[in-house]
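*Asks:* Here's a structure for you.
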Amino acid sequence: MNATVSIDWAAVCADLQGLNLIDAPGQRRQLSRDFYWYSPILTAQLADCLADLVVKVSTEDDVRQVCAVAAKWKLPLTVRGGGTGNYGQCVPLHNGLVLDVTQMCRVLSIDDGRVRVQAGARMHDIEQAVAETGQALRMWPSTWHVASIGGFISGGFGGIGSVRHGILRDPGNMLRARVMTVEREPRIIELQGDEIQQVQHAFGTNGVILDVEVALSPAIEWVHCTALFDSYRGALDFSVAASTPEIDLFLLSTVEARFSPYYVQMGALFPPDRHAAFTMVAPESMARFRALVAAHGGTVSLAGTEAELVARGLPPAYECAFNHTTLQALKVDRSWTYLQVAYAQPFDPAVVDRHLALFGDEVLQHHDFARAGGAYGTFGILLVRWKDEAHQYAVMREIESQGGCLIFNPHVYTIEDGGMKAIDDQQIEFKKRSDPMGLMNPGKTRGWTPEMARDA
0 MNATVSIDWA AVCADLQGLN LIDAPGQRRQ LSRDFYWYSP ILTAQLADCL ADLVVKVSTE
60 DDVRQVCAVA AKWKLPLTVR GGGTGNYGQC VPLHNGLVLD VTQMCRVLSI DDGRVRVQAG
120 ARMHDIEQAV AETGQALRMW PSTWHVASIG GFISGGFGGI GSVRHGILRD PGNMLRARVM
180 TVEREPRIIE LQGDEIQQVQ HAFGTNGVIL DVEVALSPAI EWVHCTALFD SYRGALDFSV
240 AASTPEIDLF LLSTVEARFS PYYVQMGALF PPDRHAAFTM VAPESMARFR ALVAAHGGTV
300 SLAGTEAELV ARGLPPAYEC AFNHTTLQAL KVDRSWTYLQ VAYAQPFDPA VVDRHLALFG
360 DEVLQHHDFA RAGGAYGTFG ILLVRWKDEA HQYAVMREIE SQGGCLIFNP HVYTIEDGGM
420 KAIDDQQIEF KKRSDPMGLM NPGKTRGWTP EMARDA
């Protein structure tokens, strides 16, 4: 899909003079990939995608220069942060330029209830900065040591903290964003509140995010807990009961016993004959939490702060949840891949019982509990034994045929096919303003068609 074979790259480099340019093949290949390797389907489809040139930027003026040059030469432009996405969000399908913003990582301001940061800042670094003011981020991905906040907003949905604060799109989580357009004379557009939906989960197809302002909450030293149950149904029933404001949780995730071999550090704290719920609990809720575990026939095998767990060589609870479960399994056995599922609400654990009986050892069950739109919801990130593409889609069809389940397909690279299922018209309208030539991350949205492009 090389759309840049006739470009005078020496002239392009001259126009980018003064910037940090990377043209070594090995580095270009590394910076043209993300975590799409979780999917054997995407691994095959995206293997040959390679940027012609990578530009590392550190200032807004750098970004402006790159955007102007991309517009002048009509070069595909793909923005890259930490590269932890799973859908190939920062993979350049049509070659061109990759814009690496990881050096744009300054914390610009911290105020009561909000922080403003450059898009390339790593989520964990932001957390450390705001902790000095007694505050904390409302949510973050399990890969927060590497993931950038711009990438999280561009490709994320929710994460650790979503059981307390909802998903990214929920009101009050994202406050402001500044976006640079890709034109011969780039402009900066400022978005506030719900306007940010125009670039949230748009895979970087409609403007370069320069900086963002997100909400903070008072910091809490969460207690990382592992609760064990005799059956997976018991773990699910407990989690449904724990999905209540009466117990202050930052994380609530269940994994069945067959995950135990992949959590080698846990040892007897997560034995192969017990099913686990991994949680982060506010100290004042620990008594209610322990009582609820006991009421569902469970036991608490581990409870401690993150520092205490790390000192014992144990993973924090958030590394046993969300897509870190997939990563833990793939470290041991690369024959797995995964699926993402949203369940009809109110959640009926009997649906999972049916899937356990139906799929046997071909599918391992893992569920995260979160809020969305003010209501509690249940989401699955399931391990699926890889056989071939036909088998993978057969599993998807079977799941979607039962109990109102909706698959968020992680084996495709377009926004709509992955989970949105429909074209977001407001994002396409914003793209007409911010990327009128259609140069940004081409091929990642079906909502943009060639006839929409105009010279700018």
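Numbered per numbering that gives the first Met the number 0, the sequence shown spans residues 0 to 455.
Glycine is no exception: its CB is placed at the ideal position from the N, C-alpha and C atoms.
Would you report the Cα separation of Val-181 and Tyr-35, rounded to the nearest angstrom?
*Replies:* Taking the first residue of the sequence shown as 1, we reach residue 181 at position 182. Taking the first residue of the sequence shown as 1, we reach residue 35 at position 36. Rounded to whole angstroms, Val-181 to Tyr-35 spans 26 angstroms at the Cα level.
*Asks:* Can at least three beta-carbon pairs, one atom from the region 194-207 and one from the region 261-271, be found at a separation below 8 angstroms?
*Replies:* Result no; under three Cβ-Cβ pairs closer than 8 angstroms.
*Asks:* Using DSSP with H/G/I as helix, E/B as strand and the rest coil, what is Asp-424?
*Replies:* As a working mapping, residue 424 is identified with position 425 in the sequence shown. Asp-424: helix per DSSP, three-state reduction.
*Asks:* Let me know the alpha helix (DSSP H) ranges lying completely inside the region 338-417, each 4 residues or longer, listed in chain order.
*Replies:* 349-358, 388-399, all fully within the region 338-417.
*Asks:* Near His-144, which residues of its chain fall below 6 angstroms by C-beta distance, leaving aside the five closest residues on each side in sequence?
*Replies:* Your numbering for residue 144 matches position 145 in the sequence shown. Closer than 6 angstroms at Cβ, skipping near neighbours: His-123.
*Asks:* Could you name the residues that DSSP lists as bridge partners for Met-173?
*Replies:* On the sequence shown, position 174 is the one that residue 173 refers to. Val-213, per the DSSP bridge assignment.
*Asks:* What are the complete alpha helix (DSSP H) segments, minimum 4 residues, inside the region 110-155?
*Replies:* As far as the region 110-155 is concerned, its whole alpha helix (DSSP H) runs of at least 4 residues are 122-130, 148-154.
*Asks:* Tell me where the beta strand (DSSP E) around Phe-228 begins and ends.
*Replies:* For the purposes of this step, residue 228 is taken as residue 229 along the sequence shown, with counting starting at 1. Per DSSP, Phe-228 belongs to the beta strand (DSSP E) from 222-228.
*Asks:* Distance, Cα to Cα, Gly-149 vs Ile-414?
*Replies:* To locate residue 149, count along the sequence shown from 1; it is residue 150. To locate residue 414, count along the sequence shown from 1; it is residue 415. Looking at the two C-alpha atoms, the distance is approximately 17 angstroms.
*Asks:* What are the uninterrupted segments assigned as alpha helix (DSSP H) that are 4 or more residues long and contained completely in the region 42-93, given in chain order?
*Replies:* Whole alpha helix (DSSP H) segments, 4+ residues: 59-72.
*Asks:* Roughly how many angstroms separate the alpha carbons of Ala-240 and Pro-315, rounded to a whole number?
*Replies:* By one-based count along the sequence shown, residue 240 stands at place 241. By one-based count along the sequence shown, residue 315 stands at place 316. If you take the alpha carbons of Ala-240 and Pro-315, they lie about 23 angstroms apart.
*Asks:* In terms of alpha-carbon separation, which member of Thr-377, Ile-21, Ala-452, Ala-23 lies closest to Asp-434?
*Replies:* Looking up residue 434 in the sequence shown gives position 435. The option with the nearest alpha carbon to Asp-434 is Ala-452.
*Asks:* Who are Ile-21's beta bridge partners in DSSP?
*Replies:* The residue labelled residue 21 in the question sits at position 22 within the sequence shown. According to DSSP, which records beta bridges pairwise, Ile-21 is partnered with Val-53.
*Asks:* In terms of alpha-carbon separation, which member of Glu-399, Val-4, Arg-333 lies closest to Val-350?
*Replies:* Residue numbering aside, residue 350 sits at position 351 when the sequence shown is read from its first letter. Here the closest residue by C-alpha is Glu-399.
*Asks:* Measure how close the beta-carbons of Ser-147 and Arg-121 come, nearest whole angstrom, since I'm counting them as under 8 angstroms.
*Replies:* Numbered from 1 along the sequence shown, position 148 holds the residue referred to as residue 147. Numbered from 1 along the sequence shown, position 122 holds the residue referred to as residue 121. Contact flag correct, Cβ pair sits at about 6 angstroms.
*Asks:* Would you say Pro-449 and Leu-92 are within 8 angstroms of each other, going by their C-beta atoms?
*Replies:* On the sequence shown, position 450 is the one that residue 449 refers to. On the sequence shown, position 93 is the one that residue 92 refers to. In this structure, Leu-92 does not lie closer than 8 angstroms to Pro-449 by Cβ.
*Asks:* If you drop the 5 nearest sequence neighbours on each side, which residues of the same chain put their C-beta closer than 6 angstroms to that of Ser-300?
*Replies:* Stepping through the sequence shown from its first residue, residue 300 is reached at position 301. The answer, listed in chain order, is Thr-225, Leu-227, Leu-268.
*Asks:* For His-366 versus Thr-377, is the C-beta distance shorter than 8 angstroms?
*Replies:* Locating residue 366 in the sequence shown gives position 367, where the first residue counts as 1. Locating residue 377 in the sequence shown gives position 378, where the first residue counts as 1. In this structure, Thr-377 lies closer than 8 angstroms to His-366 by Cβ.
*Asks:* Buried or exposed for Thr-444, going by 16 or more other Cβ atoms inside 10 Å?
*Replies:* Taking the sequence shown and counting its residues from 1, one reaches residue 444 at position 445. Thr-444 should be labelled buried.
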